[in-house]
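S.K.:
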Amino acid sequence: MDIKRLAEQVKLNCNISDAGFWGYYSICGMLMRLRELYRNEHSLMPWEPVLNEDISEWIAARESMWGELEDKDLCPLEVEGEVYDPFEVEELNAVLGRHGLVYGAGYGRFNKPTFFLSRLERKSEVSGCRVYYIGRELCRDLSTSVAMLQGRSVFIRLEPLRSLLWDKFRELQGRKFGGALREAFSLYGIEATEEPSEEFHEKMETLSSGISEILLFHELGEAFESENPDDWLGILSHNSDRWTEFYLRGIKDLLADTSEKGPIKFLVESRERSLLSFYIVLLDGIRKELFPEIMNAFQHFVESNDWSVIEEARRTGYKRADRLMKDILRVWKERGEIGDVKVFMKDHLGTSDK
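According to UniProt numbering, the sequence shown is numbered sequentially starting from 1.
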């Protein structure tokens, strides 16, 4: 197999997707994604420095390329004499797996097509899902998701995960008081004063391995709770509003997290205090807003080591997410207007689209 030619085909679709969707990101979000994409294309580790002059020239060239590609359609992929639609993930991986490769494709935030071609570290079967642990990414787009569910396949992307954890470590180093973040790292023997070394990287690899379990159970929870996937995707595909998109995805993420098959249940049953701490510090703002019980429960847990308060919070969060999702689907089926869905969400979430 001509891996270089395949990577060029996949990268073209990555660039076409980026050309059409880069404007959806905030300025800060875009700069972060560009820096991570630069690291990927130049085979740099998260802790290796990026020279401003070099990345500035690269960004200028990338923006010029996007201008040429923004109206282009995604291209089919030719592999070993066969032509595939770029979203025929299962069919492509049946071929690529023989060569130690794995391919991912789907739709992320803002319905942005996302693609990657990677080396496969290992593969397993869990709860009826095929799980791919992805190593070196030969090419990718701007999207930085660390895990993805596609049908009954779960993709755990270790490179973006390592970058995420390195960013959290750098955040810890910049804090005067580390709080929950300091405790989370210290449970893995990692202190803010540490410098990159072989021992440090071994600790970070142990941490990455643990976090990958949280990611896996999140995706398993999502697969388990996907009762009406087409209807939910229909709402997302008709939406063009950032606020609505973020909260729709936040509700779905909360349902997966609090599912009987999700990560919180796994943490409670396995009594993984160190991973629970990282689950808390990695929660995004919307999930914290939708799930305030978990923050209160964690504070109580730190003092008492009582896992029942975490389980109680999980059950409460699940009921809320399940009710919200069912009500949103009902509004969508009855009215079929994304504006009505947004009004319902604002009324029931008590938030505003600032």
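Every residue gets a Cβ at the ideal spot worked out from N, C-alpha and C, and that includes glycine.
#1: In terms of residue numbering, what span does the beta strand (DSSP E) encompassing Ile156 cover?
#2: Cutting at 8 Å between CB atoms, please list the residues of its own chain near Phe301, excluding the five before and the five after it.
#3: Ignoring anything shorter than 3 residues, give me the beta strand (DSSP E) runs that lie fully in the UniProt domain "DUF6866" (6-157), in order along the chain.
#4: Could you check whether the region 64-80 touches the region 191-211, counting it as contact only if at least three pairs of C-beta atoms, one from each stretch, sit closer than 8 Å?
#5: To the nearest angstrom, report how far apart Glu303 and Val89 are at their CA atoms.
#6: Based on Cα-Cα distance, which residue from Ser127, Arg98, Tyr38 lies nearest to Glu121?
#7: Within a Cβ cutoff of 8 Å, which residues of the same chain sit near Met65, ignoring the five residues on either side of it in sequence?
#8: Measuring alpha carbon to alpha carbon, tell me which of Met30, Ile280, Gly67, Asp284 ends up nearest Asn296.
#9: With a cut-off of 8 Å, does the C-beta of Glu225 fall near any C-beta of chain D?
#10: Once you ignore the five residues that flank Glu48 on each side, which residues in its own chain have a CB closer than 8 Å to its CB?
#11: Please name the residue in Lys288, Arg170, Leu96, Trp243 whose C-alpha comes closest to that of Ser26.
#12: Just verifying my parser: in three-state terms, what is the DSSP assignment at Asp257?
#13: Looking only at its own chain, which residues have a Cβ that is under 8 Å from the Cβ of Phe200, when we skip the five neighbours before and after it?
#14: Three or more C-beta pairs under 8 Å: does that hold for the region 123-136 against the region 6-15?
#15: Of the choices Gly23, Ser259, Cys129, whose alpha-carbon is the least far from that of Glu312?
#16: Measuring CB to CB, does Ala192 end up less than 8 Å from Gly178?
#17: Just to confirm before moving on: does the CB-CB distance between Ile156 and Leu216 stay below 8 Å?
#18: Taking Cβ to Cβ, would you say Arg273 is nearer than 8 Å to Leu220?
#19: What's the call for Ala61, buried or exposed, on a 16-neighbour Cβ count within 10 Å?
#20: What's the C-alpha gap between Met325 and Glu53?
M.R.: Straight from the coordinates:
#1: Counted as a single uninterrupted DSSP element, the beta strand (DSSP E) harbouring Ile156 occupies residues 153-157.
#2: For Phe301, where only same-chain residues beyond five positions count, the Cβ hits under 8 Å are Leu276, Trp307, Val309, Ile310.
#3: With a minimum length of 3 residues, the unbroken runs of beta strand (DSSP E) contained wholly in the UniProt domain "DUF6866" (6-157) fall at 77-79, 82-84, 101-107, 113-126, 129-140, 147-150, 153-157.
#4: Three or more beta-carbon pairs separated by less than 8 Å are not found between the region 64-80 and the region 191-211, which leaves the two stretches without contact.
#5: In this structure, the CA atom of Glu303 is about 47 Å from the CA atom of Val89.
#6: Minimum Cα-Cα distance from Glu121 among the listed residues Ser127, Arg98, Tyr38 corresponds to Arg98.
#7: Hits under 8 Å: Asn15, Ala19.
#8: The residue with the shortest Cα to Cα distance from Asn296 is Ile280.
#9: Of the protein chains in the structure, only one exists, and it is not chain D.
#10: Closer than 8 Å at the Cβ level, and outside the excluded window around Glu48, lie Arg39.
#11: Relative to Ser26, the option among Lys288, Arg170, Leu96, Trp243 whose CA is nearest is Trp243.
#12: Helix at Asp257.
#13: Answer for Phe200: Ile190, Glu194, listed in chain order.
#14: Of all C-beta pairs linking the region 123-136 to the region 6-15, fewer than three are shorter than 8 Å, placing the two stretches out of contact.
#15: In terms of CA proximity to Glu312, Ser259 leads the group Gly23, Ser259, Cys129.
#16: Against a cut-off of 8 Å, the Cβ pair of Gly178 and Ala192 comes out as a contact.
#17: Judged by beta-carbon spacing, Leu216 lies within the 8 Å limit of Ile156, meaning their Cβ atoms are closer than that value.
#18: The criterion of a C-beta distance shorter than 8 Å is not satisfied by Arg273 and Leu220.
#19: With fewer than 16 other Cβ atoms within 10 Å, it is exposed.
#20: So the two alpha carbons sit approximately 47 Å from each other.
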